[in-house]
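One structure is given below, encoded as structure tokens.
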Amino acid sequence: MGSTDGAVLGDALQVLQRVFGYPEFRGDQAAIVEHVVAGGDALVLMPTGGGKSLCYQVPALVRSGTGVVVSPLIALMQDQVDALRALGVRAGFLNSSLSWDERRMVEAEFVNGELDLLYLAPERLTSEATLRLLDQGEIALFAIDEAHCVSQWGHDFRPDYLSLTQLHERWPKVPRIALTATATEATRQEILTRLDLSDGRQFVSSFDRPNIQYRIVPKKEPKKQLLDLLRGEHQGDAGIVYCLSRASVEKTAEFLVANGIEALPYHAGLDASVRQRNQARFLREDGLVMVATIAFGMGIDKPDVRFVAHLDLPKSVEGYYQETGRAGRDGLPSTAWLAYGLSDVVQQRKMIESSEGDLAFRRRSQTHLDAMLALCETISCRRTMLLDYFGQTGVPCNNCDTCLTPPESWDGTVAAQKILSTVWRLRKERNQKFGAGQVIDILLGRKTAKVIQFDHDQLSTFGIGEDLNESEWRGVVRQLLAQGFLAVEGEYSTLVLTESSADVLARKREVKLRKDPTPTRSTTRTATA
Ligand code: ADP
Ligand code: ZN
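Residue numbering for the sequence shown is 1 to 529, as defined by full-length UniProt numbering.
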């Protein structure tokens, strides 16, 4: 390091201490800040809570001019700007929530060089007026937050991000720093190309969050399982419970309250004032449980979240990693717990199939879901698999459920054949398709009204599956779906064969299945809400 570099870092350290009140940089921060202050471009990958904001805020204060921050988190801009102003930083934002007068004022401040940081919604950059405005002031740097949004293959694509390609063409001398907490190798390459950052430096922090214990359990009675977890391990702890739908958010929150746990609901259907109040309480008070849709959490900085529980399957590994990453920012032991079952697989596949997106979108969603399912069904270390997904290597961690209690696997080839041949026979002999429930009833030899109505007790596979119970069969179906030996189709989520089904039926392929743990008998008494 030459003496000039040392001087640069000295200025930055002073800003860190005087303005932000922190004694030293953390992890890669010093190297990143130094590089950007010196005018270099950078791509920063750092897990949630790693301290990305300072990587552009400090350089913006050290360099002359205004740091222009592009962020999709419009709802948080006001908070971010308020927090900076409280530290004495001259910050402002431009997004659609401002009145004409307010906008003019921020614009004037920028042009007069009275802003250290200017936050912009990405759609602003598609307007020529904004670009002309930016021409009139001095720009210290461009920070592109949540940079993975530029990737069409990522899980969170925002078309407005594509307009960011112009930044480099229009202001070739202004350094750019792109930041994200989630990027697979493919997404990273896409960010580099689209933002023309290939000549910049990449700073990739480890994505491992060693203090988070990952656990994924089969879903039986999810609310009760959750209650057991909270009572058994997280009594009085703050935590987040994610549910897919608004209705289940409300039901779950009511259920927890009825069972003596202080829980608050949060979803986009609630009044803005209620949402705000619940969020403020969660941040300020100790030991509250926030039951929420994924609308909750972006930009939330609460260090002592002890657990993140998912009652429904996340749509992608990226989403799972981001949501679970909100646990344990203070570095203390925390739990990431997910309950998932056959119904999740069916529901998510159905949502993809009936989505309005084009074929490419549906394929992409399918790929994301498949990766998530593979993580759920793996018999090796979950952490290693997560890290591997983000292109990093890990060793078995001894702090995830598969490391702590290695799951047994069993040869499920015969069980798979029983299911697949039932599906096949329904189709060939009867020209019918049915959902998992009916197929399992047939295998178990149950003479239900629906079995009688369709003469399904006459099928040759009727009653050949009595060696497993219903919940075991559901586990088999779930894993066959996850492994692609079965698929679901249409409005009624009927089971259909796939290309790989034939290999199993022809005994050309073995099917290895994970043995679901036998549910431990619970002693918790449950009030129903
Ligand atoms: P990210 O955007 O990567 O999720 P933030 O920038 O919000 O993370 O930072 C997470 C938390 O860590 C914040 O509370 C921040 O103030 C704190 N933090 C960041 N850098 C430092 C540092 N060098 N020293 C102490 N605290 C830091
Ligand atoms: Zn592990």
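Don't be surprised by glycine CBs; every beta carbon is placed ideally from N, CA and C.
Contact check, residue i vs residue j under 8 Å by CB: the rounded distance?
i	j	result
Leu226	Ala309	6 Å
Thr182	Glu318	5 Å
Arg514	Glu377	6 Å
Glu262	Val289	7 Å
Leu141	Ala83	No, Leu141 and Ala83 are not in contact; Cβ-Cβ is about 20 Å, not under 8 Å.
Val19	Val62	That pair is no contact at about 10 Å.
Arg427	Leu459	12 Å between Cβ atoms; not a contact.
Leu244	Asp312	4 Å
Gln175	Asp41	At residue 175 the sequence reads Pro, which differs from the Gln that was named. Contact flag correct, Cβ pair sits at about 6 Å.
Ala482	Val345	7 Å
Drop a sphere of 10 angstroms on the beta-carbon of residue i, count the other beta-carbons inside from all chains shown, and report buried for 16 or more, exposed for fewer.
i	result
Gln213	buried
Gly475	buried
Val8	buried
Tyr492	exposed
Trp100	exposed
Glu510	exposed
Gln166	exposed
Met46	buried
Ser3	Caution applies to Ser3, whose pLDDT of 42 falls short of 50 and renders its modelled position unreliable; the value that the coordinates give is listed next. Ser3 is exposed by the Cβ-count criterion.
Pro519	Confidence is the limiting factor: at Pro519 the pLDDT is only 45, short of 50, which leaves the residue's position unreliable, though a coordinate-based value still follows. Under this definition Pro519 is an exposed residue.
Thr405	exposed
Ile452	exposed
Pro172	exposed
Met351	exposed
Asp503	exposed
Asn112	exposed
Gln417	buried
Arg329	buried
Glu107	buried
Gln348	buried
Return helix, strand or coil for residue i, following the three-state DSSP convention.
i	result
Met46	coil
residue 530	A question about residue 530 goes unanswered here, because the residues of the chain that appear run from 1 up to 529.
Trp424	helix
Gln483	coil
Lys512	strand
Asp411	strand
Phe255	helix
Ser3	Note that Ser3 scores a pLDDT of 42, beneath 50, so its modelled location is shaky; the value from the coordinates is reported in the next line. Here Ser3 sits in helix by DSSP.
Met351	helix
Val15	helix
Gly400	According to the sequence displayed, residue 400 carries Cys and not Gly. Strand at Cys400.
Ala339	strand
Pro265	strand
Thr281	Per the sequence shown, residue 281 should be read as Arg rather than Thr. DSSP places Arg281 in helix when its eight states are reduced to three.
residue 544	Lying before the first or after the last residue shown, residue 544 is absent from the chain, which here runs from 1 to 529.
Asp28	coil
Val241	strand
Ala140	strand
Gln213	strand
Gly287	coil
Ala506	coil
Ala295	coil
Gly92	strand
Gln432	coil
Gly394	coil
Gln152	coil
Glu466	coil
Ile177	strand
His234	coil
Leu197	coil
Thr448	coil
Ala108	helix
Got a sec: is the Cβ-Cβ distance from residue i to anything in chain C below 8 Å?
i	result
Gly50	Absence of chain C from the displayed structure is noted, only one protein chain being present.
Among all residues, which have a Cβ less than 5 Å from at least one non-hydrogen atom of the ligand ZN, and in what chain order do they fall? Cys381, Arg383, Cys397, Cys400 and Cys403
Quick check: the segment 354-374 against the segment 246-259, are at least 3 beta-carbon pairs closer than 8 Å? no
Under 8 Å, with one C-beta from each stretch per pair, do the segment 187-196 and the segment 143-157 reach the 3-pair mark? yes
Is it the case that the segment 81-91 contacts the segment 110-125, given that we only count it when at least three CB pairs across the two stretches are under 8 Å? yes
May I ask you to verify whether the segment 494-507 touches the segment 430-449, counting CB pairs closer than 8 Å and requiring at least 3? yes
Would you call the segment 201-208 in contact with the segment 17-37, where contact means no fewer than 3 C-beta pairs closer than 8 Å? yes
Three-pair Cβ contact test at 8 Å for the segment 404-423 versus the segment 480-492: yes
Quick test of the definition: if touching needs 3 or more C-beta pairs under 8 Å, does the segment 284-301 touch the segment 233-241? yes
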